[in-house]
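This report refers to the structure that appears directly beneath it.
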Amino acid sequence: GIAARRLQDDAMIGLGRIAAGAALAGSGMYLSSKKASCSDAMHPPHYPWSHNGPMSAFDAASIRRGHVVYAQVCAACHGLQKIAFRNLVGVCYTENEAKELAAEKEYLDGPDDTGEMFDRPGKLSDYIRSPYRNENEARYANNGGLPPDLSLICKARHGGADYVMALLVGYRDPPAGVAIAEGQHWNPYFPGGKIQMPPPIYDGGVEYEDGTEANASQMAKDVSTFLAWAAEPEQDERKKSGLKVITALSFAAVGAFWYKRHMWSIFKSRKISFH
Numbered sequence: 187g188i189a190a191r192r193l194q195d196d197a198m199i200g201l202g203r204i205a206a207g208a209a210l211a212g213s214g215m216y217l218s219s220k221k222a223s224c225s226d227a228m229h230p231p232h233y234p235w236s237h238n239g240p241m242s243a244f245d246a247a248s249i250r251r252g253h254v255v256y257a258q259v260c261a262a263c264h265g266l267q268k269i270a271f272r273n274l275v276g277v278c279y280t281e282n283e284a285k286e287l288a289a290e291k292e293y294l295d296g297p298d299d300t301g302e303m304f305d306r307p308g309k310l311s312d313y314i315r316s317p318y319r320n321e322n323e324a325r326y327a328n329n330g331g332l333p334p335d336l337s338l339i340c341k342a343r344h345g346g347a348d349y350v351m352a353l354l355v356g357y358r359d360p361p362a363g364v365a366i367a368e369g370q371h372w373n374p375y376f377p378g379g380k381i382q383m384p385p386p387i388y389d390g391g392v393e394y395e396d397g398t399e400a401n402a403s404q405m406a407k408d409v410s411t412f413l414a415w416a417a418e419p420e421q422d423e424r425k426k427s428g429l430k431v432i433t434a435l436s437f438a439a440v441g442a443f444w445y446k447r448h449m450w451s452i453f454k455s456r457k458i459s460f461h
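My numbering applies: residue 187 is where the sequence shown begins, and numbers increase by one.
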């Protein structure tokens, strides 16, 4: 009787382990399928950005043109709340030009001597805010969608500037059999393919002061460069500092190698004799 009970208990334990293993395998398959379904967007192509090299800097002219595209097209829905107008000085605008751009905006300030809040023209220390006062207003104005802040969009999206560029020029007609709701558009580079943002750029949508032809591809390239700079405004200085550090460490390594050879040469070349 005791042996039979032990066999029965061992069988039950074995069945429990098998069931637990099956449950874990099933959950793993479910999670992997969910992961696969989240990556159903096309990967953006790799564009030859001039600022991607270890020794290359941002194109200041392209940043300036990109800010024009942002200010005249993107700023209607998207903020740039981590970039202040002062950050534009010396990069794509002079100080006076940046002051004029800031003064075109109004900011709530105060209180004044009477305790009242008031509107004032923008100044260099002000950040480029969202056009909406809060998230609810943004969703109401965009059919339930929330336009993201673009300050770090090139860091927040896989592919960075490649993703932004591909998304802007990637609008297509929906494939056969795909239903698109009213107010939606098809873009294979957007997760799920269905995006509420209409195509924001088109040929001649802005006018560049330097005479560059403002076709859709040029506008997408310039605003992508601008947003890449906005995500990493310190990139050029970081590369300069990195070059200085590497140069200094190279000389230090040569000196350390010479010192090591000189210091230990006595011990490595000495002869010991026993009498």
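Virtual Cβ for every residue (Gly too), placed ideally from N, Cα, C.
- Restricting attention to 268, 296, 314, the CA atom closest to the CA of residue 285 is found in 314.
- When only Cα atoms are considered, residue 385 and residue 351 end up about 12 angstroms apart.
- Secondary structure of residue 367 (DSSP, three-state): coil.
- Residue 383 places its beta carbon 8 angstroms or farther from that of residue 255.
- Taking residue 333 as the centre and dropping the five residues before and after it, the same chain places the C-beta of 263, 264, 324 closer than 7 angstroms to its C-beta, in chain order.
- Residue 307 is bridged by DSSP to 292.
- DSSP places residue 227 in the coil class of the three-state scheme, outside both helix and strand.
- Excluding residues up to 5 positions away in sequence, 371, 373 lie with their Cβ nearer than 6 angstroms to the Cβ of residue 381 in the same chain.
- CA-CA distance, residue 403 to residue 433, rounds to 39 angstroms.
- Of all alpha-carbon atoms in 278, 269, 457, the one lying nearest the alpha-carbon of residue 252 is that of 278.
- Cβ atoms of residue 367 and residue 311 stay farther apart than 8 angstroms, at about 43 angstroms.
- Taking a cut-off of 8 angstroms on C-beta distances, the stretch 227 to 243 touches the stretch 420 to 433, as three or more cross pairs fall below it.
- Annotation for residue 269: the continuous beta strand (DSSP E) segment containing it runs 266 to 270.
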